[in-house]
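Structure record follows, encoded as structure tokens.
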DNA sequence: CGATATAGTGCAAACGGTTCCACAGGAGGT
DNA sequence: ACCTCCTGTGGAACCGTTTGCACTATATCG
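Protein chains in written order, with the numbering used here: chain Z, 1 to 345; chain L, 1 to 345.
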């Protein structure tokens, strides 16, 4: 059907091996032969069959991205879009293709990953954020597949991973509110089985402790990374007899929910409640008012993850490479946190 | 290295062909042999090598999605995330993997597609929205590769495509504003080389004409599918001696820019200006005020595209399948367009 | 000038499957 | 008892590459 290396060889009057060597720029091929072969390739419209190449080289030049379980909702999050953009950009730059896989149940997820990696369809995987117990991580680790975790694993500390210093980032965010004069600061967390939730909670409490501020259980609420969670958290806080004057919120989308709820109830931000949130996706800038948000370099996370993964694929077994990559964070201050709160009465 | 079909064959005391037949559920294999082989596969942890399978079957069970050229910005658009979600969901359901490719220049784009399809790395491609002249469409069409266009092509009317009836949708959106009493309606268009821009413009003018309303060149501005374009359009309109009282806007992100600008200048929506926009991405619902938006079934577009593509791949040459799929639209009315405008003085 | 290195190329064996064809053995028909 | 058909299986070719090894011709050297 399509033009193969043999067709080119025949037409150019050389052997298939020679054509193959021309393709891989083997130095042993003479200048003229090389040129002749290239001319024929052009003439016949030859394109190397990647599948055949993969079969013999045992390598596919592609990686996959495993989206986390509740991908249905999270897919809507700009966070993932930005992350994927970073991954695809860097991967393509290194000559790799990126395959997106969205799991269903955890079991299906492991099966999908197994199919892709054991089935030799991809050379490695990128995992987006990790829960405390993650069967996919277990699987990859046990089968010795190259992979990189965006986030971190407590179970396998020596795993290849790209992450922020979330403890420090949350500390910095909280510190910002404290420096504005806030003394009653609440925290809207993500799902407790996500390590990132616990890291940020820790940073928050560290900052409070250091400042000698009150830490109250009822000023910490858990939720999903969804707008609705923010709405619910807001209701909860605003019905409290003693309310916080500022919130540290796990995600911009959640903050948007908070904002929305406050608006409906007639409260104003930052006058009635200050907000500092995380991730700094474009929504943070576009909302009214714009939300102060901790930029965690999402694109950079994806970019670095792809880079680290490909490096680890290409230099397999090489132990000299950096295992943990920390992407810097940076607080972007906007209207949601510029005012000093009323002093506690 | 890894377990092959031969290892399984040897261990089970059968020939490789038999194992292969068990794998493909060939009916000629006896129940007991089949079971024995399956047991051995389980025991040895066998996983079929997809690459080898692809080589002989000349099929990869994967498709690629080509993101449009200025992917850097568009990537940030929830539109694409939602579309990709639809594509991935349906593809996975049919046993296909999805590969994301983001082109650089048009030339690079064609090269990437050529590498993927001519190189037999994927079986088909999905193109997201099309410009009037699209070298990638030309390439795919000329080389006879299976592909589906999300959008439509004027050059090749018989191409497999999934689209909205954008003329009708824009007509409906405009009609909605007219029914609210608006007589001076502006239009914020997308790039003029996108067919979707021209279709929607047509629907808009159709509606105006039918209602006997004035159609003014200076009430139509072009832009990108970006927030900034909305901001600029807004400045333009608000500096006009005679301003429209309502706008039809090509994209929610653009509307957000309009909203933002109006807010800065102290205008109020919908009191000073009504807005109806397109796509109904989540931003439309989350903005303040929420934006009336034409839901075009983005997920459905992606879902249907994947379905149509896979169908066309599997039944190659079969001409009996539907070529043009039209996804229904539905106007979601929100606060940005609920008030009747002031009567023209 | 013969030995040896070297550049340039071809042959054939993989890589891990699928599938056409052949074939053995038993069932069923006459 | 013979022919035919069917079931279940094995053998081997093939898919389009890469690559180790062998080989030839020329260049280099003592």
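In this text, a Cβ means the ideal position worked out from N, Cα and C, and glycines have one as well.
Please read these numbers as outputs of a predicted model, since none were measured by experiment.
- Residue 146/L and residue 67/L have their C-alpha atoms roughly 17 Å apart.
- DSSP places residue 338/L in the coil class of the three-state scheme, outside both helix and strand.
- Here residue 225/L has 190 and 251 as same chain residues with Cβ atoms under 6 Å from its own Cβ, once five neighbours each way along the sequence are excluded.
- Within the segment 243-275 of chain Z, those residues whose Cβ lies closer than 9 Å to any Cβ of chain L are, in chain order, 253, 256, 257, 259, 260 and 263.
- DSSP places residue 330/L in the strand class (E or B) of the three-state scheme.
- Within chain L, the C-beta atoms nearer than 7 Å to that of residue 50/Z come from 119, 120 and 121, in chain order.
- Among the CB atoms of chain Z, one or more fall inside 9 Å of the CB of residue 288/L.
- Ranked by Cα distance from residue 111/L, the first of 207/L, 135/L and 99/L is 135/L.
- Judged by DSSP secondary structure, residue 140/L falls within the alpha helix (DSSP H) whose first and last residues are 135-143.
- In the structure shown, residue 131/L falls within a strand segment according to DSSP collapsed to helix, strand and coil.
- Of all residues in the segment 84-100 of chain L, those with a C-beta nearer than 8 Å to a C-beta of chain Z are 84, 85, 88, 89, 92, 97, 98, 99 and 100, reading in chain order.
- The C-alpha of residue 181/L is placed about 50 Å away from the C-alpha of residue 313/L.
- Looking at the DSSP output, residue 185/L shares a beta bridge with 246/L.
- Proximity of residue 304/L to chain Z, defined by a Cβ-Cβ separation below 9 Å, is not satisfied.
- Between residue 144/Z and residue 188/Z, the gap from beta carbon to beta carbon reaches 9 Å or more.
- Residue-level contact by beta carbon fails for residue 31/Z and chain L, as no gap is shorter than 9 Å.
- Taking the CA atoms as reference points, residue 54/L sits about 47 Å from residue 286/Z.
- Rounded to whole angstroms, residue 46/Z and residue 61/Z show a C-alpha spacing of 20 Å.
- For residue 147/Z, there is no enclosing alpha helix (DSSP H); the residue is part of the beta strand (DSSP E) that begins and ends at 147-150.
- Taking one beta carbon from each stretch, the segment 300-308 of chain Z and the segment 87-104 of chain Z have 3 or more pairs nearer than 8 Å; the two touch.
- In this structure, residue 133/Z sits away from residue 107/Z, with a CB-CB distance that is not shorter than 9 Å.
- For the C-beta of residue 102/L, the chain Z residues within less than 8 Å are, from N- to C-terminus, 85, 88, 89 and 92.
- Taking the beta carbon of residue 114/Z as reference, the chain L residues within 8 Å of it are 47, listed in sequence order.
- At least one CB atom of chain L sits nearer than 9 Å to the CB of residue 283/Z.
- In chain order, 49, 51, 52, 54 and 55 make up the part of chain L whose C-beta sits under 9 Å from the C-beta of residue 55/Z.
- The beta carbon of residue 4/L sits no closer than 9 Å to any beta carbon of chain Z.
- Fully enclosed alpha helix (DSSP H) runs of no fewer than 4 residues occupy 227-238, 252-265 and 282-286 of the segment 221-296 of chain Z, in order along the chain.
- Taking all protein chains shown into account, residue 109/Z has 16 or more neighbouring C-beta atoms within 10 Å of its C-beta and is therefore buried.
- A straight line joining the alpha-carbon of residue 328/Z with that of residue 164/Z spans about 6 Å.
- Neighbours of residue 18/L in chain Z, taken as residues whose beta carbon is under 7 Å from its own, are absent, since the nearest beta carbon is some 21 Å off.
- Of the candidates 324/Z, 255/Z and 262/Z, 255/Z places its Cα closest to the Cα of residue 291/Z.
- Between the alpha carbons of residue 257/Z and residue 275/Z lies a gap of roughly 12 Å.
- With 16 or more other Cβ atoms inside 10 Å of its own Cβ, residue 261/L counts as buried.
- Within the segment 127-144 of chain Z, no residue has its Cβ closer than 7 Å to any Cβ of chain L.
- Residue 60/Z reaches chain L at 51, counting residues in chain order whose Cβ is nearer than 8 Å.
- Residue 307/Z does not reach chain L, its nearest Cβ partner there being about 16 Å away, counting only Cβ pairs nearer than 9 Å.
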